[in-house]
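Have a look at this one:
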């Protein structure tokens, strides 16, 4: 039976948010929520499938900032406090619901059980390092792990500075090697942001493939014979897996599966619904209401009138949606096959990992059903490993030069070069020019000066994160994003102005290293122009 | 993850650090004594240096840039000890980036030195600042340019890129009353490709399978296509015929 291949890629990412100077920091909760609702449940589901002899191949990218935060002792400790606090809330909720809101009791129990399981597994199975779980699945052949840019920089806006792009790639890969112990084959371009020539930098670091957006091949100057339904390769041999926007949008769009009325409503949470005297200890001071993860309502319809969430019913819908997804891919596979010269189509489907479980509560059930279905005897689709696919079919890939593109709305860079955020680049570009200048003026420093310059390199990379302009564009947490960005740039400027006076501010350095504790092995000489002359 | 191990610092560095932390007689202490003093000041928990209460109280005013409160709306640069980000840098330069295949974004600055020189030479120069956008067609090598008049206080501009398949470059220029033009700075050159399907949309017209395997990838289940000018233009061409590379 003719088959349709699927390269299913999950991208797990969090911007670097770590504030030891505060006892609790609101935006650090993003990480804890993702661990509780996405990463640990995903790991449980994948291990369950493995134990049930279900064969699958998935690709996952953990961004270096997320890796750092997952490995960070302070954030690990804070995660434990977070989960314990929410277990306490769960116990209170079970009692409260039994008395006052019986329709929500089952879900309160479900959330409590999940939190208790998370706590148990986090300590007893993973010894606070959940990446070990993913690595185990990788070693057993179920997962392929991709590296990514150091701080999720959107590369097209830095094409003028290949040295900075190279630093992002190199440090991203080094972080990957430090944690997983081997060189990655695949690389996730943040926001699938590609510009012509980027593949040279990736090839220099032995990257053999990367996913891109549909536009990368669709708007190429070369006719792409196979559309986005087969990988292509660049003239320097790096393979590109173009994403199929259409199939992805069945999930990820306003009318996608997650918007079905039976599914859990993300935005109705007891953190906002219950009286402050009850919920006070579980939100942020002073009385800043936040999501607690305890959500009892179904999407139902637009507006405030909601029905109670029925988990059993919703999970059945998720299963049906998975079958529908398989059907759609297979149908489309059949439709495009005549144009592929007898070769099997391959659909590259990329999603944010946090969609599954966190944003879309039933998403993990959907993914589980999808994986089980692709493993069935009469399956019309098969999940494949991009690395294996290259090994088997590389010679058949068309060679072309992809077009500048991203996976954002519109397919290019408009989100990151919007009127609201384009002021950023004057500063980040200048910071890059200045760190290059410092690396040139003060090469191969030792001891304190080296640490000072290394910290400057960290701050430049952190300022390059595309999360800040995205939040500013989206007007979600935009003041926070501005402050984070300005803080990184201001930190860099402390080093720059001190080094121009040939001084080192030791106390600042110690504190700055302690706060922006990322990339411990960074060497600022990565910004030495001599190391980057052929890029 | 141990990032700062003060035991690895030099004697001089320890002395400097002790001085910064207000250790009395830091100059007469041995290395071990300095380490003891500093270890008392820094609590090392799980390999991360924490500040104890004393230090928090004494230093929070001095090093606010590492203690800025990112969860408030307070601007970091308003705090003492932090350099505000400058609006413009002391240099003359222009930078150019692509927003998509039909728009670019340029930002620039003119240094005080350059301004002073221009004023000295002929003050009318700074009354006529403009951007010169040069496009070179990749196929014909034909170069065209057009100017965008900007105000002397403008520092950025979104630039329409009217033609595909061209290399674009933007120059920051001034002109005096005698019409003498000086190019102060030139951006990098960026290529806007001419997508194959833009030029060969007729192939799609005759081949629904080809159309499906190419353009269906950006069409939603509701039948809408991802909104880009290039796709719109290809669709228009399919519907109404060629429009000569312009869109």
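Protein chains in written order, with this note's numbering: chain A, 1 to 535; chain B, 536 to 782. The C-beta atom is built at its ideal place from N, Cα and C for all residues, glycine as well. If you're wondering where the values come from, they're calculated on a predicted model, not measured in any experiment.
- Secondary structure of residue 195/A (DSSP, three-state): coil.
- When Cβ-Cβ separations below 8 Å define contact, residue 561/B makes no contact with chain A.
- Our two residues, residue 667/B and residue 339/A, have alpha carbons roughly 45 Å apart in a direct line.
- At a beta-carbon threshold of 8 Å, the residues of chain B lying near residue 226/A are 748, ordered along the chain.
- Counting the other CB atoms within 10 Å of its CB gives residue 434/A a total of 16 or more, which places it among the buried residues.
- Excluding five sequence positions before and after residue 238/A, the CB atoms of its chain that fall closer than 6 Å to its own CB belong to 199, 202, 203, given in chain order.
- Scanning 269/A, 148/A, 163/A for the CA closest to the CA of residue 429/A turns up 163/A.
- The contact set of residue 635/B on chain A, defined by CB atoms closer than 7 Å, consists of 410, 412, 413, 414 in chain order.
- A straight-line Cα-Cα distance of about 45 Å links residue 65/A and residue 651/B.
- For the pair residue 287/A and residue 364/A, the Cα-to-Cα distance works out to about 32 Å.
- Secondary structure note for residue 179/A: its alpha helix (DSSP H) is the uninterrupted segment 162-180.
- For residue 640/B, the enclosing beta strand (DSSP E) stretches over residues 638-644.
- Here the alpha carbons of residue 5/A and residue 675/B stand approximately 42 Å from one another.
- Contacts with chain B at 8 Å (Cβ-Cβ) do not include residue 436/A.
- Closer than 8 Å to the CB of residue 752/B there is at least one CB belonging to chain A.
- Interface flag for residue 701/B against chain A is unset, since no Cβ pair is found closer than 8 Å.
- In this structure, the CA atom of residue 192/A is about 29 Å from the CA atom of residue 263/A.
- For residue 211/A, the enclosing beta strand (DSSP E) covers residues 209-212.
- For residue 454/A, same chain residues with a beta-carbon under 6 Å away, outside a window of 5 residues either side, are 522, 524 in chain order.
- Looking at the DSSP output, residue 288/A sits in a beta bridge with 284/A.
- Of all residues in the stretch 490-514 of chain A, those with a C-beta nearer than 9 Å to a C-beta of chain B are 490, 491, 493, 494, 497, 504, 505, 506, 507, 508, 509, 510, 511, 512, 513, 514, reading in chain order.
- Inclusion of residue 40/A and residue 122/A in the CB contact set at 8 Å is warranted, their separation being smaller than that value.
- The Cβ-Cβ distance between residue 105/A and residue 87/A does not fall below 8 Å.
- At a cut-off of 8 Å between beta carbons, residue 353/A makes no contact with chain B.
- Here residue 55/A has 375 as same chain residues with Cβ atoms under 7 Å from its own Cβ, once five neighbours each way along the sequence are excluded.
- Sequence-ordered contacts of the stretch 159-191 of chain A with chain B read 160 [C-beta pairs closer than 7 Å].
- A straight line joining the alpha-carbon of residue 303/A with that of residue 316/A spans about 24 Å.
- For residue 147/A, the enclosing beta strand (DSSP E) begins and ends at 143-148.
- In the structure shown, residue 186/A adopts extended strand secondary structure according to DSSP, grouped into three states.
- By the neighbour-count definition (other C-beta atoms within 10 Å, threshold 16), residue 233/A is a buried residue.
- A direct Cα-Cα distance of roughly 45 Å separates residue 147/A from residue 664/B.
- Annotation: Cβ neighbours of residue 632/B in chain A (cutoff 8 Å, chain order): 156, 157, 159, 160, 413, 417, 425.
- Under DSSP, the beta-bridge partners assigned to residue 11/A are 61/A, 352/A.
- Runs of the alpha helix (DSSP H) spanning 4 or more residues and lying entirely within the stretch 409-487 of chain A occur at 424-441, 447-463, 467-474, in chain order.
- If you check the CB distance, residue 386/A and residue 229/A do not come in under 8 Å.
- 8 Å or more divides the Cβ of residue 487/A from the Cβ of residue 213/A.
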